[in-house]
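**Q** This structure is in structure tokens; I'll ask about it shortly.
There are 4 protein chains.
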Amino acid sequence: MKTKTAPMGWNSWDCYGAGVTEEIVRKNGEYMAKHLKKYGYDIITVDIQWSSLVATGHAYTPFDDLCMDGYSRLIPAENRFPSSAGGKGFKPLADYIHSLGLKFGIHIMRGIPRRAAHAHTPILGTGVTADKIANYDSTCFWNSDMYGVKPEAPGAREYYESIFALYAQWGVDFIKIDDICRELPRFEEELILISDCLKNCGRDIIFSLSPGPAVLEKSELYKQVADMWRITDDFWDRWDLLYNMFERCEKWSVHTGAGNWPDCDMLPVGALNQDEDPDCRTCFTKDEQITMMNLWCIFRSPLIIGGELTKTDDFTLSLLTNENVLRMHSLSRHAHQVWRRKVKGVECALWTAICAGGGQYAGVFNLGEESVECEIPLGDLELEGSKDMLELWSNEASRAQDKIMVNIRPHASAAFLITE
Amino acid sequence: MKTKTAPMGWNSWDCYGAGVTEEIVRKNGEYMAKHLKKYGYDIITVDIQWSSLVATGHAYTPFDDLCMDGYSRLIPAENRFPSSAGGKGFKPLADYIHSLGLKFGIHIMRGIPRRAAHAHTPILGTGVTADKIANYDSTCFWNSDMYGVKPEAPGAREYYESIFALYAQWGVDFIKIDDICRELPRFEEELILISDCLKNCGRDIIFSLSPGPAVLEKSELYKQVADMWRITDDFWDRWDLLYNMFERCEKWSVHTGAGNWPDCDMLPVGALNQDEDPDCRTCFTKDEQITMMNLWCIFRSPLIIGGELTKTDDFTLSLLTNENVLRMHSLSRHAHQVWRRKVKGVECALWTAICAGGGQYAGVFNLGEESVECEIPLGDLELEGSKDMLELWSNEASRAQDKIMVNIRPHASAAFLITE
Amino acid sequence: MKTKTAPMGWNSWDCYGAGVTEEIVRKNGEYMAKHLKKYGYDIITVDIQWSSLVATGHAYTPFDDLCMDGYSRLIPAENRFPSSAGGKGFKPLADYIHSLGLKFGIHIMRGIPRRAAHAHTPILGTGVTADKIANYDSTCFWNSDMYGVKPEAPGAREYYESIFALYAQWGVDFIKIDDICRELPRFEEELILISDCLKNCGRDIIFSLSPGPAVLEKSELYKQVADMWRITDDFWDRWDLLYNMFERCEKWSVHTGAGNWPDCDMLPVGALNQDEDPDCRTCFTKDEQITMMNLWCIFRSPLIIGGELTKTDDFTLSLLTNENVLRMHSLSRHAHQVWRRKVKGVECALWTAICAGGGQYAGVFNLGEESVECEIPLGDLELEGSKDMLELWSNEASRAQDKIMVNIRPHASAAFLITE
Amino acid sequence: MKTKTAPMGWNSWDCYGAGVTEEIVRKNGEYMAKHLKKYGYDIITVDIQWSSLVATGHAYTPFDDLCMDGYSRLIPAENRFPSSAGGKGFKPLADYIHSLGLKFGIHIMRGIPRRAAHAHTPILGTGVTADKIANYDSTCFWNSDMYGVKPEAPGAREYYESIFALYAQWGVDFIKIDDICRELPRFEEELILISDCLKNCGRDIIFSLSPGPAVLEKSELYKQVADMWRITDDFWDRWDLLYNMFERCEKWSVHTGAGNWPDCDMLPVGALNQDEDPDCRTCFTKDEQITMMNLWCIFRSPLIIGGELTKTDDFTLSLLTNENVLRMHSLSRHAHQVWRRKVKGVECALWTAICAGGGQYAGVFNLGEESVECEIPLGDLELEGSKDMLELWSNEASRAQDKIMVNIRPHASAAFLITE
């Protein structure tokens, strides 16, 4: 379901791992509705292993006996999602999220539960059992829940149709599928089958692929099967990961837009890892967080908040709701890196994009370890003469003559809207 | 258990796949005792999936519910091995094979039954269950029975000790382990653990690794953990596979002997694929079978017969029991390929070996598609002058002066013992 | 010498190989001054081996005794460039080209003449001889004229300074250097040395690197040392080469502009290979030539005409001087491929770019072998609603509602300027 | 010219590099005739650049103007080889070496002098000049003397025939050709052409290929074109190089014998690098030198002495003339490594070979850094019971019962002849 702008929302992984509960989800939804919805954030997603009775955090239990219905389909664990009792699945929770004016998302794994294959349980609408469509050698190296499905096996299509029919009936608006994005061409046929089944499920659902790094040579395929796809392995609040994202974004920049959203992963801001420590907060400095937002927004990555929303502090809220920057996220076009080089011995990068509302964006990033006074000829942006400049975070207006002068701290950045 | 000469015996795979039964095994044992034992053949091996209630031939049933005891250990399927009823396992059958003066062998797969991991069944002598030692991402790409074991997990060593204790108690003399030989260094630690446990099980057991091709760089490791190891993927009665074996043997020749037996796989002779067609016979020509025997014997590969023994025809029996050739199998030393080149436009290979009983062997192989008159200078064997020659198959004696002259048909070969 | 728009001109290789003469150069200059200069074409370049007394066409003579001055520097062959007699070099010819209001360009090879190394001739301003700076193992695999120079050797910098001083004195405005562009990182240090010497020669000279394909990972280096660099091996009038250029352009698109000109190579149009056949004309169809121009211009490749100008026919002239298209070449910004996929079974590509003069360009290319009716949602260009459309070649104006409809022949294309 | 045993002799490189003179050669020949010839050493070889007027040691002069005759053929530099004056070439020196009862060898480079190509000098018996057969892109990365020859060019065969005719006329018995051995398949066709021409030159000449490492996959080719070929890059008196030789020998062992001599390179013993320091002596310890001899001799490498013979000290002479060890060099058959593993924590290797005179050799090598008491079961040699043992260096006889016990210092070794 192609969207005009990159999806924005919240996901439970960064703060709760596999152990999120219904109550937490509801509270985060309520916060979003009250504080973030007006800025465009509108998706609440329950991440991995909502079928587990025992999951409590970021670690997985091998050979966990996940909850299934009678047709080899995973269903929410009632002890963690009480409203799902009585076979109602996620419908009551989705209804509640919808009542807040938000969208409801879930995480799924590629494949069919290993439990189902070993128990020979049926596939809905077929005479086939799970062991007939499960591929015993198609495993995920970091999680034991599922076997991949043999795309050509009788019953395979019906299985995937049956799960998406269930999710549609629940009212799901967003699906993040895991163990598939970077595994091309290995699981390409299975991905195409899944995408086909989802498109025909009768409900508009945003489709998000994980984990990255996505395979650049397959960019056209991603565009055809999905709405967003991860260009990185799990992103966390570490500078080296943010530093590396610049190269990833450089390579994927020409594939962004028109409903296609290469995905830099969740924003690890605010209160993270709540399963381990309620006092845990992001390790990123404020400068790094602004650098992250500048990159995510000029590049137009999806903006999926990773922190526990109810613990959002003032800085984090201001970070996530800066209107100049969110306008760049919405109006940036044709973004790309102009150069990346040493400036006075300090590694810097210059990005630019057209603003669909008029003017041109420039992002200046200090990727090095010392402050630097950058002097950027307007010619590097293919501009010349005298221009009006607005720095998006400080809201400072200035006039540039032939060049931009900006002093940037290490790991910090500046973003400008340049107009006549 | 290092042996002075390469193991000789019979294996059920080539004729029955996974579907052999106790009765068949007994009858093949009886035939061996009567007709082959005096030539050195003395091992009767039950190949893969003797725990399956449903296996009938060369195909595997995915997610087959294999028979287990209460400690996650596979046991024979009673419907196929009736004497195992009442928890007696293979002991009665092994006893019978022993009573014939023969050794009893079984096939096992690396790892622990997937069933056990998913059912969380116990490991003997530990407080641990199978799911704790099973590696959910360690699968065999062609069979769904097992998960690999995490070598460092508490309970892993006890599991392997427990299965070898069981096999020793049954009276097993030979174990062919599958899904491990070519998978180095991936499963190297697991292989070392398994070998350690086997060596300490209290019974001398010949240890055979499958499937190939073994990893040449790991030759020293194979010598330390096993008695024989497959240097090829499954070998069948096709010329291209036999042709390719020459290069495999060339590379492994210096690693043969002193209890180390790089293994060219079963001899697909006589009545094969009996599960599919009782009339099936080897597709090899007689010349090709002799070429195979010449190569296997000068190289000293294990000689494991693949055909249903009770249907052995006269030619096959003569092939398997030629005393000159079996003497070469026993006495060949320092075998290696001297050259492989076009002789008058026909691809030929010359092998040589010292005879521990005196003299020197020479094998001349026509690997091409036309007959060729080979003239081989004795100098190629680092001999000179006048020599006595005995061709091993024809028993023809002759006198060579400076060179060997021999006319060889396509795919055929000659083997000589050369003495003063 | 960074230029605001991509260089435009003519080069002698496609029509004369290594065998061009002064008279031909003059006549092509005269044609350009009269017919092409007003459209922006203003560079006349003498390609490879102008020092050869014997070169007559596209083949090279191994170990050709090229003309040198007393300082190991190549000079024009007087029999082919009479005005160079008396040690005047290319100055008289450059003066003439300048008198036409045009720029004068020459081709050079990386390195120092092999003749000089073997004759131990001096380097200007040093006590060093050529053999001391020549790298005997740094050869060009397709031409025997030169040895590479050891960048760190005493005298190496002086040699390169001495040749650029000579070219500056001649009045050279454009240098195409060969045997270096794709050979990174092998010759990276030599390239940096050459670029340094050129920048300090006292004259603004456009610097062009050959042959391609350039190394994508070295994009930042190319930007720092050169003005244009070949992204392809020699391009000729064959569809497969044009077809492949789409992928090359896709990868290099974000590196185009702001004085950096990834180069798709000469336009093989009009009268080619005049050394072999005066009647030779391009093998491209008209549709293919328009497709080539659309790609070169939206991508902003340099436009260097390959055909003998004095034989330019009406179609070719119209192709090279279409004002809409040349405006796109000048005003295209942020060009990139949107997608490349099967449309109704026919492989198509969609490119877009911002027009610096207002509006947005779209190029629709049929890369397949059948005609196709393309229906392109404006959303693919991140536009919506109703738009004015101008097709650049036909000059047809139309109004698009939500989508562009265009029928395209095989190998053909359409280019639109889209405005409100 | 296939030889029954591996060639033995002396080569000037290790002690004089490219700078040896006639006088030195004569004196080394005289020493060999007097002290070494009776042990089998009988080849005196003048190594690289005997055509250079200026060479004095191990460094090369780039673009050196080597002495040539009128047919593009290199000839000795008269200032260094006075007897060659008047166009007599090496004939007088070869005659003298022959008069001592020895063979005369020379080094050559693959190809034709670059000087000849650039000067367009003629090829004997053809109308062709050197530039027509020289391949301008076939260079040697460490020496600038030659261009490779295009094997298919008219005149190429005649050139190689012409140089071998000259060498045959001089009385050359041994040719070491450089820049070709490891460069397969790149120069394979040129190698085959050279070998053909040499075989047809009318004189029996031993043909030696340099430098290594030779390409194992091309073993059959080496056997057909040459007598010996280097399996290593230049070998010097450093333990790491000797250590690495064990793996090289392991791989090549089955290709040794019957006139084929994989070559471990010169023995860097005694007085080396005399061009730099007359007092220079080998850096190998005595143990290492014995280890080297044990490996070279059981493997049957050519034995080419690298030190200045006239300065041979007593130990070195005893090393080179041990009759037990030279007998192993002559009579070793089917040598190969049995194992290489940690023995009590110390890396050791066991080699064995058959003795053509009766019995079996065993070499025990300590490749580690601590002394070790090795206990080697006779079974590792496929022997059993009680055996007579003779240690070759100490001449100590003993009786082994089931095993060999030997204490070995680091880098040291023992070699035994085992008989009944």
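Residue numbers (my numbering), protein chains in the order written: chain A, 259 to 678; chain B, 259 to 678; chain C, 259 to 678; chain D, 259 to 678.
Think of the CB as a built atom: it goes at the ideal place given N, C-alpha and C, for glycine as much as any other residue.
Quantities reported herein were computed from a predicted structural model and do not represent experimental measurements.
1. Any contact between the segment 408-425 of chain C and the segment 318-331 of chain C? By contact I mean 3 or more CB pairs, one from each, below 8 Å.
2. What does DSSP give as the partner residue(s) for W597/D in the beta ladder?
3. With a threshold of 7 Å on Cβ separation, who are the neighbours of N337/D within its own chain once the five nearest residues in sequence on each side are excluded?
4. Pop quiz: D492/C and P520/C are said to be a contact at Cβ under 8 Å. What is the actual Cβ separation, rounded to whole angstroms?
5. So with CB distances below 7 Å, who are the chain A contacts of I612/C?
6. Check whether chain D comes within 7 Å of E640/B, counting only Cβ atoms and requiring the distance to be less than that.
7. What do you reckon, are the CB atoms on S671/C and F623/C nearer than 7 Å?
8. Only counting runs of 3 or more residues, tell me where the beta strand (DSSP E) segments fall wholly within the segment 494-551 of chain C, in order along the chain.
9. So is P443/A in contact with chain B if we call contact Cβ pairs under 7 Å?
10. DSSP state of C273/C, grouped into three classes?
11. Our contact map puts G347/C next to W428/C with C-beta atoms below 8 Å; I'd like the distance itself, whole angstroms only.
12. Less than 7 Å between CB atoms is the rule here; does T397/C satisfy it with respect to chain D?
13. Could you tell me whether the Cβ atoms of Q618/A and I662/A are closer together than 7 Å?
14. Quick one: which chain D residues come within Cβ less than 8 Å of Q659/B?
15. Considering only the beta carbon of each residue, do D485/A and C541/A sit closer than 7 Å?
16. Report yes if the C-beta distance between N458/B and K481/B is below 7 Å; otherwise report no.
17. What did DSSP end up calling L680/B once you bin it into helix, strand or coil?
18. Output the residue ranges of the beta strand (DSSP E) runs that lie fully inside the segment 300-350 of chain B and measure 3 residues or longer, sorted by chain position.
19. If contacts are defined as beta-carbon pairs under 8 Å, then V483/B and S453/B qualify, I think. What distance do you get, rounded to the angstrom?
20. Which residues in the same chain have their Cβ closer than 7 Å to the Cβ of P412/C, if we skip the five residues on either side of it in sequence?
21. Between the alpha carbons of H587/C and Y354/C, how many angstroms are there, rounded?
22. Among the residues of its own chain, which have a CB less than 6 Å from the CB of C398/A, if the five just before and after it don't count?
23. Using DSSP with H/G/I as helix, E/B as strand and the rest coil, what is S590/C?
24. Return no unless some Cβ of chain A is closer than 7 Å to the Cβ of A426/B.
25. If you follow the alpha helix (DSSP H) that A655/C is in, where does it begin and where does it stop?
26. Taking the alpha-carbon positions, what's the M550/B to F557/D distance?
27. Taking Cβ-Cβ distances below 8 Å as the criterion, which residues of the segment 356-384 of chain A are in contact with chain B?
28. What does the Cβ neighbour count give for K262/A, buried or exposed, with the cut at 16 atoms within 10 Å?
29. For N286/C, does the three-state DSSP call read helix, strand or coil?
30. Output, in sequence order along the chain, the residues in the segment 469-487 of chain B whose CB is closer than 7 Å to any CB in chain D.
31. Mind listing the chain D neighbours of G637/B? Cutoff is C-beta to C-beta under 9 Å, in chain order.
32. Identify the contact partners of P320/C in chain D, using a Cβ-Cβ distance below 9 Å as the criterion.
33. Using a Cβ-Cβ cut-off of less than 8 Å, list which residues of the segment 499-531 of chain C approach chain A; keep chain order.
34. Quick check on S270/C: buried or exposed, where buried means 16 or more other Cβ atoms within 10 Å of its Cβ?
35. Name the chain B residues whose beta carbon is nearer than 7 Å to that of V664/D?
36. Is the separation between the beta-carbon of M266/D and that of G287/D shorter than 7 Å?
**A** Based on what the coordinates show:
1. Taking a cut-off of 8 Å on C-beta distances, the segment 408-425 of chain C touches the segment 318-331 of chain C, as three or more cross pairs fall below it.
2. Per DSSP, the beta-bridge partners of W597/D are L608/D.
3. Excluding sequence neighbours, N337/D sits near L311.
4. Taking 8 Å as the upper bound for CB-CB distance, D492/C and P520/C are not in contact here, some 16 Å apart.
5. Those within 7 Å of I612/C in chain A are H592 and I612.
6. Judged by the 7 Å Cβ criterion, E640/B is in contact with chain D.
7. Remark: C-beta atoms of S671/C and F623/C approach each other more closely than 7 Å.
8. Counting only runs of 3 or more, we get 519-521.
9. Taking CB atoms only, P443/A has no neighbour in chain B less than 7 Å away.
10. Looking at C273/C - three-state DSSP - the assignment turns out to be helix.
11. The Cβ separation is near 5 Å, so the contact holds.
12. For T397/C, the answer is yes, since a Cβ of chain D falls inside 7 Å of its Cβ.
13. No, the Cβ-Cβ distance between Q618/A and I662/A is not below 7 Å.
14. In chain D, no part has a C-beta under 8 Å from the C-beta of Q659/B; the shortest such distance is about 18 Å.
15. In this structure, D485/A lies away from C541/A, with their beta-carbon atoms at least 7 Å apart.
16. Not in contact: N458/B and K481/B (Cβ atoms no closer than 7 Å).
17. Residue 680/B is absent from the structure shown; chain B starts at 259 and stops at 678.
18. Qualifying beta strand (DSSP E) stretches, in chain order: 301-304.
19. With a Cβ gap of about 4 Å, V483/B and S453/B count as contacting.
20. Closer than 7 Å at the Cβ level, and outside the excluded window around P412/C, lie V386.
21. Spanning the alpha carbons of H587/C and Y354/C requires a straight line of approximately 28 Å.
22. By the criterion of a C-beta distance shorter than 6 Å, C398/A is surrounded in its chain by D437, once the five residues flanking it on both sides are discounted.
23. S590/C: strand per DSSP, three-state reduction.
24. By this cut-off, A426/B is not an interface position.
25. Counting along the chain, A655/C falls outside any alpha helix (DSSP H), though it belongs to the beta strand (DSSP E) covering A655 to Q659.
26. If I take the Cα positions, the gap works out to 30 Å.
27. Correct list: R372, R373, A375, H376 and H378.
28. Per the 10 Å Cβ criterion, exposed.
29. Three-state result, N286/C: helix.
30. Of all residues in the segment 469-487 of chain B, the ones placed with a Cβ closer than 7 Å to any Cβ belonging to chain D are E478 and K481, in chain order.
31. Neighbours of G637/B on chain D, chain order: K260, K262, A516 and G517.
32. By Cβ distance, chain D contributes A375, D389, K390, A392, N393 and Y394.
33. Cβ contacts with chain A: E508, S511, V512, G515, A516 and G517.
34. In summary, S270/C is buried, with 16 or more beta-carbon neighbours lying within 10 Å of its beta-carbon over all protein chains present.
35. Within 7 Å Cβ-Cβ: nothing; V664/D doesn't reach chain B, min ~18 Å.
36. Taking 7 Å as the Cβ cut-off, M266/D and G287/D do not qualify as a contacting pair.
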